[in-house]
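Structure record follows, encoded as structure tokens.
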Amino acid sequence: MVRRFSRSRPPRLHVMQAAVAASLALAGQAHAQQAAAAEDDAKKLERVEVTGTLIKRTDKETPSVVQTITREQIRNSGYSNVEELLRANSAVDIGSIGDGAASGFVGGVSTISLRGFGSQGTLILINGRRTAPVAAVDVNFGRGTMINVNTIPKQAIDRIDILKDGASAMYGSDAMAGVVNYILRKDYSGVEASASYGANDEGVGKTKDASVTFGFGNLDTQRFNVFGGLEVSRRDSVMANELKDRGNLALHNQYLTSNGTVARFTPDSAASMYANYYRLPTSLTGSTVIDGRTVANSNLAGANYLGTLPGCPSDRTAGQGLPNRPPGFLPTTATLPNGFCRFSLDDADEVVAEQERQSGMVRGTFAINNDLTAYADIMYSKTKTTEQRIPYAMTTSLVTNGARTATTWPKLDGSFLRQNAIILPVGHPDNPTNGTPTAQPVQLIYRFEDLPRGDINILRSTRVTAGVEGTAFGWDFDTAVLVSQNNNERFQEGRVRSSLLNAAIANGTYRFGKANTAEGIASVSSTAYNEGKSELVSWDIRGSRELFQLPGGSAAIAIGTEVRREKLESIPDDIYTTGDYIGLVANGASGSRKSYAAFSELSLPVLKQLELQAAARYEHYDDFGNSTTGKAGFKWTALPSLMAFRGTAATGFRAPAISQIGNSFALSFHSFQERRVFDNLRCDLSNPNAPVSKAPVPNNRDCNVLGFSAVPSGTTNPGSLPTVISANPELQPEKSNSFTFGMIFTPSKWADLAIDAWYFHRKNEIRSQRGVDIMDNYNADPAAFADQVVRDPNPETWLPGVADSGPIIMLVRQYGNSEWTKTSGIDYDLNLRLPPTSWGKFSLNVNGTYTARYDTVIVKGQAVQRQVGTTSSDISKTRASATFKWDTDQARAWIRFNHADPLSSTNCTSLTAAQRAFLSNLNRCRVGRDRTIDLGGSYSGFKGLTLSASVMNVTNDYDRSNGIPMVFNYYDSGAANLLGRRFTVGASYQFQ
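Here is the structure:
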């Protein structure tokens, strides 16, 4: 924004009246009019850049659809942070990550996804410029690019613009589904402090925030301003057992026990510190009749059970506080023997992680002269998220004397490591058979309850910008250098190491069945460490000016260029390289690239009521090549001050992330629930209705490689399959087409309505290969695709006489360009304002999104998947809110109604008949509708002090759940919604 200093002007002449008093009164009125006119003139001179166009203008309505959230709206929204506010926006989908739950690759990250395109298809800007991504290899949510949006101090935000159409022609890569642009405050003078406290109605999930905003200097009179803000927050951990009262636990337990599953919070795992121990048989085949039931010898309550180490609490001990047959056991389920110890996974499960956050920023502005302003700002944030893992249990399966392997995992070099089950030899101090006539080695089904469980993620973000803006030679321009860095560290405490565990069993340094000293804990485990660094350095210059006169006004042009360097490193510690962490493989990446861009935009007011817009951008990347995108738009004021139409057509692109096209590796687990997949080498398909394994010792993966759960009777679900995902240097960018068309209707100053239709088509999508497709290719041509299917190298597992025929233990997936996604719908925004009354001002806002389609094809030639309104996309057909507000000079209040349509679910198709009938009778084979109510208000009748309070989800509704309404299957996992009814109180004070 150009700042112009005040200059004195000659007073205007006025007609003198007979009375001096009247003359003075008119002179005063004229002076006020003069000041107002001068102010109006100054405003006309101040052209500003609006999100969605690069041309500075006084008219903020452009052909693009831009939703603006002001600072006051943020403050009065009732949401605990800006990220929660954005996630409530109807155009934002559940593909956004909430920082209360780990993504599996890094914790404490919040991202925004528009239109179901994922965070990789939504560009995040701060003051119109980029910021560095999180330095982690994410193959799920961000698919390579995650921009953390919780690094900005809330008090530093002036507004947030959400651009809801394709904008790659203006802003480059990633802006396919839209742009979220955080506009920071330009200047401020004074000091303001604020604090807030929130929790649910039982005091669970406490959050505490405090901030201070300060500024001094006046650009108009002193030629400078310094503005800054500091913000600190803390969020408590929330365990699953703290939310037992949420939802409908009794009904949920009826559902669980209807199929032979134990109720929630019943000790459900046989692995605990007070281990159940077993003999080492030569074979686990066969069965034994116990308590009148035929029990497989591989069953943990079967014939090989010898006893339990002492010390198990009574409420976890069968025959004491725990029944031998807990509710839900089927008639065929083996009875728990007396003394058998169990562990409650629910009681150890954390649903929202503890978090501490500090952030701050300082901005300095200096007016060089009337036309040029220099600025510089620095932002820093640190977020520490501490998640608590469930205590580690290496295996809950029995092994034999000849085959003692409990788990297998890949090293980074592609080879495999094995770890035997925990087997205590005779003479080990914790072997309970020592000194008995039947002294023998025993296998422990053990859980390391005494090891540290913290999974600590520390994210540090630094962003520095320095530039000059103003006017020169008839151009409005802005140029700046940007340096943005993200550093993230991950500390996984208490990770059991193979070499240490084997040595500890041999020398007895770690004691099983009792809490160990720090030395004992260190003898079997250490902290696994990952470090990530990302950096973005850029320089850009952009300028706009008027060109010539058209019937509707002055044509204008904007041109600019940008040079950018990006670097990413994700580095695991040296122990990862050796593969010594049992079952743990690091994700890593390294690479850098350079790019440059040239862009231009043209605004043509061809008629007084018709403006046309055209934009184009050319970018060159040194790793994949070039991309050219364009955009055209129009705004037609059909009836001045009453009705206007707008529309855009744009092309977009997304450059492959460095982790996708550079040097990277990532371990993932894959269980694609589409259909059952067979291993043709090891599965006998002669009877298609009852395929069986060819192996002497069958493996569950032989006839169900990916663990499809809707399996025939007698086939066990083997769970998810380990995979290694590798980068692909041949990747090409994703491309998109988008169209919008809308209407703005303003029948009076008391009402306005905006309706905009939109369509997005993304193609050439970058995805990691699906296991089902890899297996289809492999079964059709084993020789050509053998390098993607990894089999167990142990000859004992091979088919007789067939070399290298072990069961499949891993797939190698690669990033590639797949097919397309198409989505379309309508956004609407209605505002009604009643004329002011003596009681105050009343207003109503209704806004929402109707998504008509969300269709995708992953592999060419396959059927179109129509996913809108299903849990496959998690996109409801309709998502909307209605907010009624009341405002006076000193008080304000609001009530908000939130709605989202239910989602049909494939949940019931994979269930047993009993479970399916139970849910179907309740109409719960779906995710329920969102129908929550929020309310809040504030009071500022005290000098400088504003008090506020809000209650979210007033009715404590949990209908937005998959199946029975419960916190444990709540739709928005890891977010504050899990807390149910929750309140926030706050206060802010402006120092005079």
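According to my numbering, the sequence shown is numbered sequentially starting from 623.
C-beta: ideal position from N, C-alpha, C; glycine also.
All figures in this text were calculated on a predicted structure; none of them were measured in a lab.
| Query | Result |
| --- | --- |
| Would residue 1473 pass as a contact of residue 1490 if the rule is Cβ separation under 7 Å? | yes |
| Rounded to the nearest angstrom, what separates residue 1017 and residue 1440 at their Cα positions? | 37 Å |
| Suppose contacts are defined by Cβ-Cβ distances below 7 Å. Is residue 564 in contact with residue 834 by that definition? | As shown, the chain starts at 623 and ends at 1614. That puts residue 564 outside it, with no answer to give. |
| Compare the C-beta of residue 907 against all C-beta atoms of chain C and say whether one is closer than 7 Å. | Judged by its chain identifiers, the structure shown contains no chain C, having just a single protein chain. |
| Could you check the C-alpha separation between residue 1259 and residue 1369 for me, to the nearest Å? | 13 Å |
| Looking only at its chain, what residues have a beta carbon closer than 6 Å to the beta carbon of residue 947, apart from the 5 residues adjacent to it on each side? | 957 |
| Enumerate in chain order the residues of its own chain whose CB-to-CB distance from residue 692 is below 7 Å, with the five nearest sequence positions on each side excluded. | 781 |
| Does the stretch 1460-1472 touch the stretch 1492-1512, meaning 3 or more C-beta pairs lie closer than 8 Å? | yes |
| So is residue 1478 buried or exposed if we call it buried at 16+ other beta carbons inside 10 Å? | buried |
| Rounded to the nearest angstrom, what separates residue 666 and residue 676 at their Cα positions? | Because the pLDDT of residue 666 is 43, which lies under 50, any placement of that residue in the model is unreliable, and the number read from its coordinates should be weighed accordingly. Their Cα atoms are separated by approximately 18 Å. |
| Counting beta carbon pairs with one atom in the stretch 868-881 and one in the stretch 791-803, are three or more of them shorter than 8 Å? | no |
| Can you tell me where the alpha helix (DSSP H) with residue 874 in it begins and where it stops? | 871-879 |
| Is the beta carbon of residue 824 within less than 6 Å of some heavy atom of the ligand NAP? | Judged by which ligands are present, the structure shown has none, so any question about the ligand NAP falls away. |
| Reducing DSSP to helix, strand and coil, say where residue 1537 ends up. | helix |
| Using the three-state DSSP reduction, which class does residue 1375 fall into: helix, strand or coil? | strand |
| Starting from residue 983, trace the beta strand (DSSP E) in both directions and tell me its first and last residue. | 976-989 |
| With distances taken Cα to Cα, identify the nearest neighbour of residue 1227 among 1176, 673, 985 and 1534. | 1176 |
| Quick one: grab the DSSP three-state call for residue 701. | coil |
| Just how far apart, CA to CA, sit residue 1062 and residue 1117? | 29 Å |
| Does the stretch 1348-1356 come close enough to the stretch 1271-1291 to have 3 or more Cβ pairs within less than 8 Å? | yes |
| Less than 7 Å between C-beta atoms, sequence neighbours within five positions excluded: which residues of the same chain meet that for residue 1602? | 822, 868, 1575, 1578 and 1580 |
| Pull the bridge partners of residue 783 from the DSSP assignment, please. | 690 and 803 |
| Only counting runs of 3 or more residues, tell me where the beta strand (DSSP E) segments fall wholly within the stretch 1055-1079, in order along the chain. | 1064-1067 |
| Ordered along the chain, which non-local residues of its own chain (more than five positions away) have a Cβ less than 8 Å from that of residue 1413? | 1426, 1427, 1428, 1429, 1430 and 1431 |
| Work out the CA separation of residue 1560 and residue 1467 for me, nearest whole Å. | 19 Å |
| Which residues bound the beta strand (DSSP E) around residue 1448? | 1442-1455 |
| Would the beta-carbon of residue 1186 fall within 7 Å of that of residue 1160? | yes |
| Along the chain, which unbroken stretches of the alpha helix (DSSP H) at least 4 residues long are found entirely within the stretch 1079-1148? | 1120-1129 and 1140-1144 |
| Would you give the residue range spanned by the beta strand (DSSP E) that residue 1589 belongs to? | Element bounds for residue 1589: n/a, residue is neither H nor E. |
| Can you give me the Cβ contacts of residue 1420 inside the same chain, cut-off strictly under 6 Å, excluding the 5 residues immediately before and after it? | 1427 and 1428 |
| Nearest CA to the CA of residue 1319: which residue from 1148, 832, 1162 and 920? | 920 |
| Does the Cβ of residue 1360 have 16 or more other Cβ atoms within 10 Å, making it buried, or fewer, making it exposed? | buried |
| Residue 1480: which of 1514, 1452, 1438 and 1502 sits nearest, CA to CA? | 1438 |
| Here's the rule I'm using: 16 or more other beta-carbon atoms within 10 Å means buried, otherwise exposed. How should residue 908 be labelled? | exposed |
| List the residues that DSSP assigns as beta-bridge partners of residue 1616. | What the structure shows of the chain is the stretch from 623 to 1614, and residue 1616 is not part of that stretch, so it cannot be assessed. |
| Can you check whether the CB of residue 1563 is closer than 7 Å to the CB of residue 1572? | no |
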